[in-house]
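Residue numbers (the UniProt record's numbering): 1 to 230. Glycine residues also receive a C-beta, built at the ideal position from the N, C-alpha and C atoms. As the structure is a computational prediction, the values presented were derived from the model and not from experiment.
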Amino acid sequence: MDSQDLRGKKRLPEGQYLTTKWPVLHAGTVPRFDAKTWDLHLFGEIEQECRFRFEEVMELPRVTYRCDIHCVTTWSRYDNVWEGVSLAAILERVKPNQRARFVTAHCEQGFTTNLPLEELMKPGVMLALKHDGAPLTPEHGYPLRLMVPHLYFWKSAKWVRGLEFTENDRAGFWEERGYHMLGDPWVSDEQNPDGQRFRDDPLWFGSDDPAAYEQWRKEIEQKRREVLSL
């Protein structure tokens, strides 16, 4: 089993708080799963568009990876063991073409998140089926969630149903609502002194009112306190 390489990084990023719990946070309700109708669609700027039925996903070669997870609401949980299908194996099968530079993960209920293709090629990235030796629960993404260990946890989208390969970046659900387009917990800048949590400006509010932007950040901090009290 491979493990996360943190050379040159603090294990706990700035602004994060350690917990042994695994809070349940998502937009919308937990979707129902039907193995007879479920599939995983890979499409866009690739040589081989394909759909995997659930039983076909279960037959793909597995990998395991130990890593820490860091939520944008500022909780972190150490030493999570994930098992699933390596994204590298998926990419080898579908063969992204030269125009493919970004990927949009499409999930149940219309949720999306966006990532540079190069981020999906990094160690530990997978379509996860298990966590700490047990199948994912519905609340945590069963049957399949994206796992991107080196970015904030909202990028590890639950209930994945498709991966779309594109030439241009396209903001996902939370990215349209102010979250950072990449979301690296260890990268700091003037706007994000404790990690890439938020977009570079408040214009996604439909207003350039700094007070509205600061109020939203206060609401995120309140959510963090609620999560840590669970």
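Nearest-angstrom Cβ-Cβ length linking residue i and residue j, presumed shorter than 8 Å
{"i": "Pro96", "j": "Phe43", "result": "Not really, about 11 Å apart at Cβ, beyond 8 Å."}
{"i": "Ser76", "j": "Tyr17", "result": "7 Å"}
{"i": "Leu87", "j": "Leu127", "result": "7 Å"}
{"i": "Lys9", "j": "Trp186", "result": "5 Å"}
{"i": "Val94", "j": "Glu47", "result": "7 Å"}
Proximity of residue i and residue j at Cβ, strictly below 7 Å
{"i": "Phe153", "j": "Gly178", "result": "no"}
{"i": "Asn114", "j": "Gly28", "result": "no"}
{"i": "Lys53", "j": "Asp39", "result": "For the record, residue 53 in the displayed sequence is Arg; it is not Lys. In contact: Arg53 and Asp39 (Cβ atoms closer than 7 Å)."}
{"i": "Arg51", "j": "His41", "result": "yes"}
{"i": "Val160", "j": "Ala89", "result": "no"}
{"i": "Gly183", "j": "Leu146", "result": "no"}
{"i": "Glu45", "j": "Ala100", "result": "yes"}
{"i": "residue 237", "j": "Cys67", "result": "The requested residue 237 is not part of the displayed model; the chain covers only 1 to 230."}
{"i": "Asp194", "j": "Glu14", "result": "yes"}
{"i": "Glu139", "j": "Val24", "result": "yes"}
{"i": "Lys158", "j": "His26", "result": "yes"}
{"i": "Val103", "j": "Leu12", "result": "no"}
Cross-strand partners of residue i (DSSP beta bridge)
{"i": "Val103", "result": "Leu115 and Phe165"}
{"i": "Leu127", "result": "Val85 and Leu146"}
{"i": "Ala134", "result": "His131"}
{"i": "Cys50", "result": "Leu42"}
{"i": "Leu18", "result": "Ser76"}
{"i": "Tyr179", "result": "Phe198"}
{"i": "Val63", "result": "Gly84"}
{"i": "Ser3", "result": "Arg66"}
{"i": "Val160", "result": "Cys107"}
{"i": "Pro96", "result": "Ile46"}
Are the segment 78-86 and the segment 125-139 touching by the rule of at least three beta carbon pairs closer than 8 Å? yes
With a threshold of 8 Å, are at least 3 pairs of Cβ atoms found where one atom belongs to the segment 120-129 and the other to the segment 168-184? no
Are the segment 48-63 and the segment 101-120 touching, with three or more C-beta to C-beta distances below 8 Å? no
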